[in-house]
Each structure stands twice: as structure tokens, then as C-alpha cells.
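Participant: Residues 15 to 93, numbered by the working numbering, are exactly what the sequence shown covers, in order.
For each residue, glycine too, the CB sits at the ideal point set by N, CA and C.
First the structure, which I've put down as C-alpha cells, then a few questions once you've had a look.
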Amino acid sequence: MADHIEVTLDKIREMYSYCQKKIDELKSGEKLKSTDLIPEIAKKFNYGTSDVYTTLNLFLKTHPDIEVKRGVKGGIYKK
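Pasting the structure below:
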């Protein structure tokens, strides 16, 4: 059971690291569209977009270097 937990956490860690790399590439004030990022990660890691959204939600909402905005001008903005 512990092995399964570690394998699962390793997969999540990989997704978070990939997402962090994308955030690091942004300049202050620059925006990354969630509608671009989520499908890109889903394809790269072979998961459904809803699964990726759910997995990344906590990471993005609590990230200290970004602001997540909703709506027409929504997206992931680097502070």
C-alpha cells in the first residue's frame, strides 16, 4: 500500500514540477491560460483534463508567486 502512495505522489510531483517550470518561464504580470496549460499537461502525462484540473487546483490556488483569475480575462498571472 505504501508503494502505491509513493508511486501516485511521484506522478503528482512530476505534474507539479512541470507546472512550476511553466510558471517560472513567465515574466511578472504575464498570463498563462489555464485552458492551454491543463490540456497540455493532460496530454503529456496521459490523463483526462478534469483529472489534471482537480490535481493542479490546490497547487495553483496556494502558489505564492501567481494569482489565478476567473472570467474573460482569467488565467494564471505571475506576480
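Kindly list the residues whose CB is nearer than 6 Å to the CB of Tyr67, restricted to its own chain and excluding five residues on each side of it in sequence; keep chain order.
Facilitator: So the list reads Ile52, once near-sequence residues are dropped.
Participant: Within its chain, find whatever has a CB closer than 8 Å to the CB of His77; leave out the 5 residues flanking it on each side and keep chain order.
Facilitator: Ile37, listed in sequence order.
Participant: Throw me the rounded Cβ distance for the Val86 and Leu74 pair, which I believe falls under 8 Å.
Facilitator: Incorrect: roughly 19 Å between the Cβ atoms, too far for contact.
Participant: When you compare the CB of Lys36 with every CB in chain C, is at least one pair closer than 8 Å?
Facilitator: No chain C is part of this structure, which consists of one protein chain only.
Participant: May I have a chain-ordered list of the beta strand (DSSP E) segments no shorter than 3 residues that lie completely inside the segment 30-82?
Facilitator: Runs found: none.
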